[in-house]
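*Asks:* Protein sequences appear in the order of chains W and E.
Heads up: the first sequence runs through residues 8 to 100, numbered per my numbering.
Heads up: the second sequence runs through residues 8 to 100, numbered per my numbering.
Cβ atoms here follow ideal geometry from the backbone N, Cα and C, with glycine treated the same way.
Please find one structure pasted underneath; my questions will follow.
2 protein chains.
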Amino acid sequence: MKELDPILHSQLRLAVMSILMNVEEADFVYLKEQTESTAGNLSVQLDKLSSAGYITVTKGFVGKKTRTTCQVTDQGRKAFEQYVEALKGYLNL
Amino acid sequence: MKELDPILHSQLRLAVMSILMNVEEADFVYLKEQTESTAGNLSVQLDKLSSAGYITVTKGFVGKKTRTTCQVTDQGRKAFEQYVEALKGYLNL
DNA sequence: AAATTTGGTTTATAAAATAAACCGCTTTAT
DNA sequence: ATAAAGCGGTTTATTTTATAAACCAAATTT
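Here it is as structure tokens:
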């Protein structure tokens, strides 16, 4: 039984990655809505994904308002796919 | 995005359930070998699965030696299947 | 210009996973 | 027969993780 990457084996981080896998980029507010998480929790988990090199986080502006956008990296994509493969071994898919 | 049952969203508990889904019953020693876990960790996680009603744990003897065997319950089976369905929403399967 | 909202971050708390220490019983070696 | 080592676990302590609460600066609304 393969190890399940602990960075991905977390509901909120997995949800974020799942969204980012299907979309060119997504901003903080959108991710918060989709995942129904609190801002604090999301902030912490984005940091972890970012520190792991699985996503990039870019701070910009839209008019005068700040906007934090996230994208999955190649490394993140690969890790996600490997995680899915590993999980299959547990789920009997 | 559906909630992921926190009792199953744990590598070791999921591994145990995965094994028990495919086998009539399994004993402590076998589960320990297959999951490559420590006895302490396994003991704690079996308790949690048992408290949740997902498995039954039976203590018996083989000659003079104690033997702890585990079986998944109907409730456990159902929970596992629902967990798999919920996960699919994250994995894009 | 005070109060509220937006878009977050930082810090504190609760819960979880894991390992280390321990325990009773059995077997083996002396 | 007795000490030492092994087996099958459990209990307790430690570390990590997840989550929420408190906070902050800038912008907007009243």
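With DSSP as the reference, identify every bridge partner of ASP34(W), one or two as the case may be.
*Replies:* Per DSSP, THR76(W).
*Asks:* Between LYS9(E), VAL69(E), SER44(E), which lies nearest to LEU19(E) when the distance is taken from Cα to Cα?
*Replies:* Nearest C-alpha to LEU19(E): SER44(E).
*Asks:* TYR61(E) touches chain W at which residues, Cβ-Cβ below 7 Å?
*Replies:* Near TYR61(E) there are no residues of chain W at all, since even the closest Cβ is about 15 Å away, more than 7 Å.
*Asks:* Is THR45(W) helix, strand or coil by DSSP?
*Replies:* Coil.
*Asks:* Can you tell me which of ILE14(E), LEU21(E), ASP12(E), LYS66(E) puts its alpha carbon nearest to the alpha carbon of VAL36(E)?
*Replies:* With distances taken between Cα atoms, VAL36(E) lies closest to LYS66(E).
*Asks:* Along chain W, in chain order, which residues have C-beta atoms closer than 7 Å to that of ALA22(E)?
*Replies:* The answer, in chain order, is MET8, TYR97.
*Asks:* What are the boundary residues of the alpha helix (DSSP H) that ILE26(E) is part of?
*Replies:* 18-28 is the span of the alpha helix (DSSP H), which, as asked, contains ILE26(E).
*Asks:* Opposite ILE62(E) in the DSSP bridges: which residues?
*Replies:* Answer is VAL79(E), bridged to ILE62(E).
*Asks:* Just the Cα atoms here: how many angstroms apart are MET24(W) and ASP34(E)?
*Replies:* Each residue's alpha carbon lies about 37 Å from the other.
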